[in-house]
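Peer 1:
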Amino acid sequence: CDDEPAPVRDWLPALAQDIGAKPPRHVPRWVGRLLGAHVVQMMCEARGASNARAKDVLGWQPSVKSWREGFAQLSTVS
4 CDDEPAPVRD
14 WLPALAQDIG
24 AKPPRHVPRW
34 VGRLLGAHVV
44 QMMCEARGAS
54 NARAKDVLGW
64 QPSVKSWREG
74 FAQLSTVS
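So the sequence shown is numbered by the working numbering: it starts at 4 and just counts up by one.
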């Protein structure tokens, strides 16, 4: 829940690296075509929503400035 929405192709490899996991595999184009446009779109588009209303109405602030900072904190927890 930060102000920096990112597509899966950006944040998933970063998360894997931060937690010491193997990097995600890339799927060949033909497999993507078999899965369908919706799956490909879900994995490639930036996802997220604006936090503006929660900030304005509730006075809420994200606990981390970015997903990168949050992932870095995860790697220190374990």
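Glycine residues also receive a C-beta, built at the ideal position from the N, C-alpha and C atoms. Please read all numbers here as calculations on a predicted model, not as lab measurements.
(1) Give the C-beta separation of ARG5 and LYS58 to the nearest angstrom, bearing in mind that I take them to be a contact with Cβ-Cβ under 8 Å.
(2) Since I believe PRO27 is in contact with ALA17 (beta carbons under 8 Å), could you give me their beta-carbon distance rounded to a whole number of angstroms?
(3) Quick check on the DSSP output: the alpha helix (DSSP H) that includes ASP6 runs from which residue to which?
(4) Quick check: the segment 31–51 against the segment 8–15, are at least 3 beta-carbon pairs closer than 8 Å?
Peer 2: A quick look at the data gives this:
(1) Within the sequence shown, numbered from 1, the residue matching residue 5 stands at position 2. Within the sequence shown, numbered from 1, the residue matching residue 58 stands at position 55. Sequence check: residue 5 is Asp here, not Arg. Not quite, the Cβ-Cβ distance comes to about 12 Å (not below 8 Å), so this is no contact.
(2) Here the question's residue 17 lines up with position 14 in the sequence shown. Here the question's residue 27 lines up with position 24 in the sequence shown. Contact flag wrong, Cβ pair sits at about 10 Å.
(3) Stepping through the sequence shown from its first residue, residue 6 is reached at position 3. Careful: ASP6 lies outside any alpha helix (DSSP H) and carries neither H nor E.
(4) Enough Cβ pairs lie closer than 8 Å, so yes.
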